[in-house]
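Colleague: In the working numbering, the protein residues as written are 1 to 306.
Backbone N, C-alpha and C fix where the C-beta goes; we use that ideal spot for every residue, glycine too.
In this text, all values refer to a predicted model and were calculated from it rather than measured experimentally.
Got a structure for you, questions after.
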Ligand SMILES: [Zn+2]
């Protein structure tokens, strides 16, 4: 059993613009938290006429840092990976300042109003990109070419962007070096998530640049462990249900006993995502609607009882 080779060391300073490669620079916004790690890493791609990816939150000191880093340059595209509050709110103001447009997959499925847990930094409900883009769309500027990859799972509208010249992927919240990602129904989907991890792995990128924290330097090994972790988790959840455990909350207490309690509500949503995936695979069932508080039973036992 291989554990995920998490990497938590991250060399950064708020507001400082770091050069990461010939074409990539990054500024980290001062919005640390349990889901954002040290904050939102905003990527600037190219030189002179540049693209900005996930400009982050609207905070005066962050705006000043971005303006300073972009001095004398023109932003031609503002790309967004998804509609979470730590990623997209600065997209429109930045695009307006530079006279360009915002690009993304589109609005996500709205979370129910009575959703008991604020996921991540929350949804940027007003987010709608100027240009709605599809999987495979290609954009370019001087010396850079970005390909959009629709990667639903974390959210239904999640997009990754591949930089062709460096064979790297800006992977948003799809993959993080320091942590697993949150997959929360109904907008998040575990089946989609797993197949999009497999897809990214098959592309054999040289490096992944997530929005939060450090880069993933060995994507193939990392993604292999990342996928195996989810499959193990799903098998453990099925195991608990087969042992007679019917409630998601109780499964979380058992399987996430070593995890920060602040993350348990999010973990419940992750377990819920696996539960829905197990239902879709015909392995478990529930008498009514699949909900967080519903009761779940293995299909095999029901078959026996009949
Ligand atoms: Zn997110």
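Check whether the stretch 231-251 and the stretch 196-204 touch, using three or more Cβ-Cβ pairs below 8 Å as the test.
Modeller: no
Colleague: With a CB to CB cut of under 6 Å and the five nearest residues on each side skipped, what residues in its chain are close to residue 116?
Modeller: Note on residue 116: pLDDT 47, under 50, position unreliable in the model; no value is reported.
Colleague: Is the beta carbon of residue 77 within less than 6 Å of some heavy atom of ligand 1?
Modeller: no
Colleague: Three or more C-beta pairs closer than 8 Å, one from the stretch 46-58 and one from the stretch 76-93: is that the case here?
Modeller: yes
Colleague: What are the start and end residues of each continuous beta strand (DSSP E) run of 3 or more residues lying completely inside the stretch 147-201, in chain order?
Modeller: 159-163, 168-172
Colleague: Short check: CB of residue 196 to CB of residue 136, under 7 Å?
Modeller: Not a contact, by the Cβ cut-off of 7 Å.
Colleague: Check residue 252 in the structure and name its three-state DSSP category.
Modeller: helix
Colleague: With the cut-off set at 7 Å, would you say residue 37 and residue 213 are in Cβ contact?
Modeller: yes
Colleague: Report yes or no: do three or more beta-carbon pairs, one from the stretch 21-37 and one from the stretch 126-140, lie closer than 8 Å?
Modeller: no
Colleague: Could you give the residue range of the alpha helix (DSSP H) that holds residue 226?
Modeller: Unbroken alpha helix (DSSP H) run through residue 226: 219-242.
Colleague: With C-beta atoms as the reference, is residue 205 less than 7 Å away from residue 169?
Modeller: yes
Colleague: Report the residue ranges of all beta strand (DSSP E) runs contained in full by the stretch 3-70; include only those spanning at least 3 residues, in chain order.
Modeller: Fully enclosed beta strand (DSSP E) runs of 3 or longer: 17-19, 24-28, 41-45, 49-53.
Colleague: Are there any heavy atoms of ligand 1 lying less than 6 Å away from the beta-carbon of residue 84, as far as the coordinates show?
Modeller: yes
Colleague: Between 26, 4, 3, 22, which lies nearest to residue 10 when the distance is taken from Cα to Cα?
Modeller: Comparing Cα positions, the closest option is 26.
Colleague: Starting from residue 271, trace the alpha helix (DSSP H) both ways and give me its first and last residue.
Modeller: Counting along the chain, the alpha helix (DSSP H) containing residue 271 begins and ends at 264-280.
Colleague: With 16 other CB atoms within 10 Å as the buried threshold, where does residue 239 fall?
Modeller: exposed
Colleague: Would you say the beta carbon of residue 173 is closer than 6 Å to some non-hydrogen atom of ligand 1?
Modeller: Checking every heavy atom of ligand 1 against the Cβ of residue 173, one is found closer than 6 Å.
Colleague: Taking DSSP's pairing of strands, which residues face residue 259 in a bridge?
Modeller: Residue 259 is bridged by DSSP to nothing; it lacks a bridge partner.
Colleague: In this structure, does DSSP put residue 297 in helix, strand or coil?
Modeller: strand
Colleague: Where does residue 292 sit, in a helix, a strand or coil, going by DSSP?
Modeller: coil
Colleague: Tell me whether residue 183 is buried or exposed, calling it buried when 16 or more other Cβ atoms sit within 10 Å of its Cβ.
Modeller: buried
Colleague: Which first and last residues belong to the beta strand (DSSP E) in which residue 77 is found?
Modeller: Its beta strand (DSSP E) spans residues 74-79.
Colleague: Between the beta-carbon of residue 264 and the beta-carbon of residue 252, is there less than 7 Å?
Modeller: yes
Colleague: For residue 176, I'd like the list of residues in its chain whose CB is within less than 7 Å of its CB, leaving aside the five on either flank, ordered along the chain.
Modeller: 210, 212, 213
Colleague: Can you give me the C-alpha to C-alpha distance between residue 92 and residue 101, rounded to a whole angstrom?
Modeller: 8 Å
Colleague: State the DSSP-derived secondary structure class of residue 85, mapped to helix, strand or coil.
Modeller: Coil at residue 85, not helix or strand.
Colleague: Three-state secondary structure (DSSP) at residue 245?
Modeller: coil
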